[in-house]
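Chains as they are written, first to last, in the working numbering: chain V, 21 to 639; chain C, 11 to 273.
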Amino acid sequence: MTTTAPPDASTTTASRRTTTRTIEPTTLPGLLVRNALEKPDAVALRKKHLGVWKQYSWGDYLDRAVRVGCGLLELGVDAGDKVAIQAENRPAWLFADLGLQGIGAVTVGIYPTSPAAEVEYLLAHSESVVLFAEDEEQLDKALEVRHKLPNLRTIVVIDPRGVKQLDDPMIMTFAELEELGSRRDPDGWFARAAERNADEIGVIVYTSGTTGPPKGAMLRQSNLLAVGQSLGDTFGEVSDRDEVLSYLPLCHIAERLFSIIDALTVGWVVNFGEGGESFVNDLREVQPTVFLGVPRVWEKMLAGVQIRLSDASRLKRANARFWLERGRRLAAKRMRGGLSPVDRVVAALGWLFLYRSVREKLGMSRVKVALSGAAPIAPQVLEFFWSIGVPVREGYGQTENTAMATLTPVGDVRLGTVGTPLPGVEVKIADDGEILTRSPGVFAGYFKNDEATADTVDADGWLHTGDVGHLDEDGHLAITDRKKDIIITAGGKNISPSEIENKLKVSPYVREAIVVGDKRKYLVALIGIEPDTVGDWATRRRVTFTTYRDLTERPEVHELIREVVDAVNHELAQVETLKSFALIPKELDQEEGELTATQKVKRAAIAREYGDLIESLYA
Amino acid sequence: MSDAPAVTTEPLLTADGVTLRFGGVRALTDVSFEVRPRELFAVIGPNGAGKTSIFNCLNAVYRPQQGRIRFDGHELVGARPGQTARWGIGRTFQNLGLFANLDVIANLMLGRHLHMRTGFLAGMAWWGRAKREEIEQRRRCEEIVELLELQRHRHAHVGSLPYGIQKRIELGRALAMEPKLLLLDEPVAGMNVEETEDMARYILEIQEQLGLAMILVEHDMHMVMDIADRVMVLDFGQVIATGAPADVQHDQRVIEAYLGQAS
Chain V
21 MTTTAPPDAS
31 TTTASRRTTT
41 RTIEPTTLPG
51 LLVRNALEKP
61 DAVALRKKHL
71 GVWKQYSWGD
81 YLDRAVRVGC
91 GLLELGVDAG
101 DKVAIQAENR
111 PAWLFADLGL
121 QGIGAVTVGI
131 YPTSPAAEVE
141 YLLAHSESVV
151 LFAEDEEQLD
161 KALEVRHKLP
171 NLRTIVVIDP
181 RGVKQLDDPM
191 IMTFAELEEL
201 GSRRDPDGWF
211 ARAAERNADE
221 IGVIVYTSGT
231 TGPPKGAMLR
241 QSNLLAVGQS
251 LGDTFGEVSD
261 RDEVLSYLPL
271 CHIAERLFSI
281 IDALTVGWVV
291 NFGEGGESFV
301 NDLREVQPTV
311 FLGVPRVWEK
321 MLAGVQIRLS
331 DASRLKRANA
341 RFWLERGRRL
351 AAKRMRGGLS
361 PVDRVVAALG
371 WLFLYRSVRE
381 KLGMSRVKVA
391 LSGAAPIAPQ
401 VLEFFWSIGV
411 PVREGYGQTE
421 NTAMATLTPV
431 GDVRLGTVGT
441 PLPGVEVKIA
451 DDGEILTRSP
461 GVFAGYFKND
471 EATADTVDAD
481 GWLHTGDVGH
491 LDEDGHLAIT
501 DRKKDIIITA
511 GGKNISPSEI
521 ENKLKVSPYV
531 REAIVVGDKR
541 KYLVALIGIE
551 PDTVGDWATR
561 RRVTFTTYRD
571 LTERPEVHEL
581 IREVVDAVNH
591 ELAQVETLKS
601 FALIPKELDQ
611 EEGELTATQK
621 VKRAAIAREY
631 GDLIESLYA
Chain C
11 MSDAPAVTTE
21 PLLTADGVTL
31 RFGGVRALTD
41 VSFEVRPREL
51 FAVIGPNGAG
61 KTSIFNCLNA
71 VYRPQQGRIR
81 FDGHELVGAR
91 PGQTARWGIG
101 RTFQNLGLFA
111 NLDVIANLML
121 GRHLHMRTGF
131 LAGMAWWGRA
141 KREEIEQRRR
151 CEEIVELLEL
161 QRHRHAHVGS
171 LPYGIQKRIE
181 LGRALAMEPK
191 LLLLDEPVAG
201 MNVEETEDMA
211 RYILEIQEQL
221 GLAMILVEHD
231 MHMVMDIADR
241 VMVLDFGQVI
251 ATGAPADVQH
261 DQRVIEAYLG
271 QAS
């Protein structure tokens, strides 16, 4: 079989050209140069290729970034030009990112899941001159729309297998770009990297936006470094012996923080697994010490444990029930500050009987810093992880403040809050309840959209987050909802839909919930079931089904969800209760505009698409 | 897709006047066709038309009474089944031909058996050449794992996996032989729509990335018409049409014999 290996599958660099030139470490490329000088042979990245983990040292990392940067110079890319990357997480993403920032170009990340129309919008709006497209699939999207993109000059294909258009003058491979770059004197790159300053824009992050087209948040090098520093300090005892798994989309600020920015500031090792379906295996093999998850990831892990437990023998189930109950008490104490000597003995026994094996299977056995962010997480999910000794801390922030606002402190976790401000961050609540933040992480503005920038950052530098919430007496922040999502019922009551939705989503059977009721007499909900758990439930009860849609139409399933809704209604005030609900007949999809790239539900789109279904609930 | 096969190149396989009889029953009558390098060639026809008989002739399981089948410089009529595999003909089966109690990697490694040179004793010692060879063979298997996206199932027992995945593993096992010509016997039989689409995608990817010639026997008409470069239609053991999918679809005899009944 003759398949050409992708360019980041081999770590054997023909000639290492590591320099002795130092550059002020005030930018990401500057930090890369510093690390490559200080510890050229230490492991920086690992990538699983053909079943084997390959390593890249900091020297390799810099070398490859320099080649890419020099290649782009050869293509005529200049400081201030935008260069887009649409790829899954892989070392080449990082080489391109750091290489192009070194010559003063600006990175625009595009979600690999973005359809062609969105790719067109982002490339056109950002005026990108070069696009790194991962493979045939991403290339096809770009080729579909390139005739509408006058600025786009070159498309660089990272993995050219199966690509038929390689003789197209506009297309070159990543390997060819590196080859082009290696013919140029690397000093050109270092000279340009030395000219960079902290106030320059390093990246533009397009916010997926649940309403309207995406907006391009411009982040300065100083924003990126400030947050890297602040988080590194907050995490405490992290060092270059720590390991992370890079798996959330790199164009999102959160993964960028862990895989790029803090990897450069702290120096920890970034692992790239096989991704996709293999994520669970990747996690188990890497056993990261620092882990960032979105609520969906944590929920999936918990659901996985629950499914496995229901398959286990009676004895194992009894054992798990016993230790999870003990764990819950330990969790409460851990969240309040610490364990007594007796608790420690209980925890050690529980470790022997349950927690160790569960954590190993989840890939959480070595985790010391665990974070959840990007969306609210259900307290029950948090509690489970604290029970087994994984202290998941909730963070709050948005792209516009470089994801830097608050984080729950280790010894003082208050469920329902997102913690206290990070070092260097001020948080206050405006008169209308909106949360405002001010910090060195506050962005430079939206690209080509001064109006939106003026609406977001005021004259005093306060960022208006668009979220409503309040601070408790000790400065812990609690978030009520997005300002624009607040429902005002026909009776004039203000209701936060996401509070109710999150209560529903606690159930392992509920994946999505959308509460509707603005200007209506009462509230109703559209509910998307979790196909794995509901499918498993149905199979156990010998309820036969064929497709997702068929599953949602089973009366037994409807009854199952009704029980969930009834239970939630019990916890709610009378005006907040759901009078009726319907199951969404399909899995929500980004391609069809129902979810954002970060898998958040677009309410307006859902309300439009399922208007009839909603009306039927009010009939 | 239709521009893929290069018309000028020598055919990889030429069947000329193949006739196969079982006693008084004529399974194949004067069947002739060519398969070109890199071509995806489909054979369709109603039940009992002789599709699987053709496969068995190519595999040298059956010996036709008349006709010649040339493959890459070898004569297949009269060869032994093991020889056809060594000459570069791989196949998948209608009913799975996998070892259910072995994991995915072991099943693929079995497919590489042809390419192993180590003797019994050296293999036992697993030293020197034997070790190097196993590492090399394993690397080849990993390439197939990547191509068919089987990473997640690498160490799962094949018997515990869903049917659609098992079919994919069987395809991988055939690929592990590094055939020049791959015979696919109803690769999507018993699959749902989604699994069928996946399989079609993998078949096209194999054609694009590995440049293999393939002969496909399939009942799923949509899939055949979507992905095949050329189609041969059989009825009662005789060829009634051969050509591009669009042409065959409009052939009056084909419509009468097969498509007409079906729709």
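Note that CB positions come from ideal geometry on N, CA and C, so glycine has one too.
From a predicted model like this one, the values you see are computed outputs, not experimental measurements.
Can you name the residues of chain C whose CB is closer than 7 Å to the CB of residue i?
i       : result
S298(V) : Q161, R162
R181(V) : Q219
Taking DSSP's pairing of strands, which residues face residue i in a bridge?
i       : result
D113(C) : H167(C)
L23(C)  : V45(C), F81(C)
V72(V)  : H69(V)
A251(C) : V243(C)
M192(V) : V176(V)
I515(V) : I507(V)
R240(V) : I221(V)
G548(V) : E532(V)
A498(V) : H490(V)
L416(V) : It should be noted that the sequence gives Tyr, not Leu, for residue 416(V). Y416(V) pairs with T426(V).
G313(V) : S392(V)
F32(C)  : V35(C)
Which class does residue i belong to by DSSP, given the choice of helix, strand or coil?
i       : result
S636(V) : helix
D13(C)  : The predicted model places D13(C) with a pLDDT of 46, which falls under 50 and marks its position as unreliable, so this point remains unresolved.
F299(V) : helix
F8(V)   : Residue coverage of chain V in this structure runs from 21 to 639, which leaves residue 8(V) outside it and unanswerable.
P111(V) : helix
T485(V) : strand
D570(V) : helix
Y141(V) : helix
Y466(V) : strand
G100(C) : strand
Q76(C)  : strand
S392(V) : strand
R216(V) : coil
I225(C) : strand
P60(V)  : coil
S641(V) : Since the first residue shown for chain V is 21 and the last is 639, residue 641(V) is missing from the structure and cannot be characterised.
G129(V) : strand
N291(V) : strand
Y542(V) : coil
So, at 6 Å on beta carbons, what are the nonlocal neighbours of residue i in its own chain, with the 5 sequence-adjacent residues on each side left out?
i       : result
T428(V) : R413, E414, G439
R87(V)  : E198, G201, S202
N66(C)  : Y72
Who are the neighbours of residue i on chain V, taking C-beta pairs under 7 Å?
i       : result
Q176(C) : The contacting residues do not exist; Q176(C) stays about 16 Å from chain V at best.
E152(C) : L70, G71
Please work out which residues of its chain come closer than 8 Å, Cβ to Cβ, to residue i, disregarding the five sequence neighbours upstream and downstream, and give them in chain order.
i       : result
Q219(C) : L157
A398(V) : P315, E319, N522, K523, K525, V526
R569(V) : P605, K606
V41(C)  : A25, G27, V28, T29, G60, I64, G77, L244, G247, Q248, V249
Skipping 5 residues on each side, what residues in its chain have a beta carbon closer than 7 Å to that of residue i?
i       : result
Y76(V)  : T31, A64, L65, P111
E108(V) : P132, E154, G295
T559(V) : none
L171(C) : H163
A533(V) : E521, L524, K525, A545, I547
M235(C) : P255, Q259
Using a cut-off of 8 Å between C-beta atoms, extract the partners of residue i located in chain V.
i       : result
V155(C) : L70, G71
R149(C) : L70
Which chain V residues are close to residue i, counting only those with a beta carbon under 9 Å from its beta carbon?
i       : result
R101(C) : In chain order: nothing, as chain V lies at least about 17 Å away.
Could you list the residues in the region 188-216 of chain C with a C-beta less than 7 Å from some C-beta on chain V, going in chain order? Listed in sequence order: E188, E215.
Report the residues of the region 295-321 of chain V with a CB closer than 7 Å to any CB of chain C, ordered along the chain. Answer in chain order: E297, S298, N301.
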